[in-house]
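Once you know that position 175 of the sequence shown is 175 in our numbering, the rest is easy, because the numbers rise by one and skip nothing.
Ideal Cβ positions, reconstructed from N, Cα and C, are used throughout, including at glycine.
Quick caveat: nothing in here was measured; it's all calculated off a predicted structure.
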Amino acid sequence: MDKGRVLLAVTGFHPQRWHELLSAERDVVTEPDGPADPSITYAVVWKQRPNLLSHLPNLKVIFSIGAGVDHIFADPTIPDVPIVKVVADNLTRHMTEYVVWRVLDHHRQGALYRAQKARKIWHDPPQRTAEDVAVGIMGFGSLGRAAAAALLPLGFRLNGWSRSGHGMEGVTSFAGEEGLVPFLNATDILVVLLPLTPATRGILNYGLLKQLRRRNALGGAVLINAGRGRLQKDADIVRALDDGTLKEASLDVFEVEPLPRTSPLWSHPKVFVTPHAAATSDPNHLVPVMLRQMEAFERGEKLDHVVSREAGY
Ligand code: NDP
Ligand code: OXD
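As structure tokens, this is what we get:
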């Protein structure tokens, strides 16, 4: 098979570096030559324009620029070709860093010390022990498992929730709908690394947050969401923080992004905000992975990390 041409279709950020790196080995365009351009073999996309891919007759593979693929499935007209998600050490490490950083900050009372510093208060509160704190990872896939592997040697107790309930040594596994409430009841710090699918949209609502363990070594339940914003109800999180259902939250993702300036989350004293930056896709690391997959595909080999259309992730 010849070296296929690439359509690079991204919205929301500048694709220049992706273009440069892909162009070193492939012919790359940013617009098809008409809606039924026969010259396009691969699409490399982030939030592509609806209908852009639907009629390309020779499109063989769609590559997501991110680990999440909800931005692709948002267009119901996407053709029935394999969709490949990102699984790459660089992205996984960034997410692991984010999770460890946020878990440790909540565990080590970062918010309290920042407030004390602002008021020049010298006060040393009792220290907690990681063994007394259970971190529950909701979405136990490639990112969730890597985060768990980094938290385990720090001494935290670990729970993992997934569809299949697959295990990992040192982690208590919970599966599917029946496992959800027991998982939440055994969790002090909830780390969300779920994909956004029809089954997970809005799952982080007030009722779910109420199920977290609040009488615990931290003095309350903590939410860390780095999955997707539309997993959560922003207003329910504010309500939960205000009435003590949640003690604190670290949010990297939001129902609407960029987070509107009017959102109460910006100024909420119990919320730590990052701008969907937990694990940013770095073209220097991800383009070589995509190029290798294209070459393997052209040699007739199987693609890795193809998502399930049925499951939506
Ligand atoms: P994976 O597909 O490897 O893992 C997804 C996990 O979620 C799996 O354990 C899966 O279960 C579980 N899951 C999916 N649907 C359900 C459900 N209905 N009920 C219970 N469990 C479910 O994804 P990744 O780990 O690679 O990525 C996770 C998400 O992280 C991405 O989809 C993306 O949204 C987000 N992300 C955010 C970034 C950021 O910067 N904020 C950066 C990168 C990713 P099972 O194992 O049984 O299949
Ligand atoms: C991703 C993201 O899905 O950056 O990779 O959100």
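Taking 7 Å as the line, does the beta carbon of Phe174 fall inside it for any heavy atom of the ligand NDP? For Phe174, the CB stays at least 7 Å from every heavy atom of the ligand NDP.
Contact set for Glu257: own chain, Cβ-Cβ below 7 Å, skip 5 residues either direction: Gly229, His276
Taking buried to mean at least 16 other C-beta atoms within 10 Å of its own C-beta, is Phe13 buried or exposed? Per the 10 Å Cβ criterion, exposed.
Residue(s) in a DSSP beta bridge with Ser263: DSSP, once it has assigned bridges, lists no residue as partnering Ser263.
Determine the burial state of Thr11: buried for a count of at least 16 other Cβ atoms within 10 Å of its Cβ, exposed for fewer. exposed
Using a Cβ-Cβ cut-off of 6 Å (strictly less than) and excluding sequence neighbours within five positions of Thr172, which residues of its own chain qualify? Asn159
Following the continuous beta strand (DSSP E) through Tyr42, name the residue where it begins and the one where it ends. 40-46
In chain order, which beta strand (DSSP E) runs of at least 3 residues are fully inside the stretch 220-305? 222-225, 248-251, 271-273
With hydrogens ignored, establish whether the beta-carbon of Ser162 is closer than 7 Å to any heavy atom of the ligand NDP. yes
Just confirm the distance between the C-beta atoms of Val287 and Val191, as a whole number of angstroms; I'd bet it's less than 8 Å. With a Cβ gap of about 29 Å, Val287 and Val191 do not count as contacting.
Cβ-Cβ separation, Leu303 to Phe297 (assumed contact under 8 Å), whole Å: 6 Å
Contacts around Phe63, its chain only, beta-carbon distance under 6 Å, and the 5 residues preceding and following it disregarded: Residues of the same chain with a CB within less than 6 Å of the CB of Phe63, apart from the 5 flanking positions on each side, are Val44, Val84, Met290 in chain order.
Give me every residue whose Cβ sits closer than 7 Å to any heavy atom of the ligand OXD, in chain order. Gly66, Ala67, Gly68, Val86, Leu91, His276, Ala279, Thr280, Ser281
Which residue's Cα is closest to the Cα of Leu53: Val86, Val6, Gly68? Val6
Does the Cβ of Tyr313 lie closer than 7 Å to at least one heavy atom of the ligand NDP? yes
Within the stretch 49-90, ranges of the beta strand (DSSP E) (whole runs, at least 3 residues): 61-64
What's the gap between the Cα of Pro195 and the Cα of Tyr313? 6 Å
How big is the Cα-Cα spacing for Lys60 and Thr92? 27 Å
Assign Ile65 to buried or exposed, taking buried as 16 or more other Cβ atoms, counted over all protein chains shown, within 10 Å of its Cβ. buried
Looking at Thr200 and the ligand NDP, is the gap between the Cβ and the nearest heavy atom below 7 Å? yes
Which of the three DSSP states, helix, strand or coil, is assigned to Trp161? strand
Proximity test, Met1 beta-carbon vs the ligand NDP heavy atom, cut-off 7 Å: no
Keeping to the same chain, check which residues put their C-beta closer than 7 Å to that of Glu248; ignore five residues upstream and five downstream. His106, Ala111, Val222, Lys270
Straight-line gap, Trp161 to Leu259 (C-alpha atoms, nearest Å): 28 Å
Quick one: what's got a C-beta closer than 6 Å to Glu31's C-beta in the same chain, skipping five residues either side? none
Please report the straight-line C-alpha distance between Ile99 and Leu251, rounded to a whole angstrom. Reading off the sequence shown, one finds Val at residue 99, where the question assumed Ile. Val99 and Leu251: Cα-Cα distance of roughly 11 Å.
Looking only at its own chain, which residues have a Cβ that is under 6 Å from the Cβ of Pro278, when we skip the five neighbours before and after it? The residue asked about is misnamed: residue 278 is Ala in this sequence, not Pro. Closer than 6 Å at Cβ, skipping near neighbours: Met95, Tyr98, Ala226, Asp252.
Candidates Asn51, Asn90, Phe73, of which the one nearest Asn284 by Cα: That would be Asn90, whose Cα lies nearest to the Cα of Asn284.
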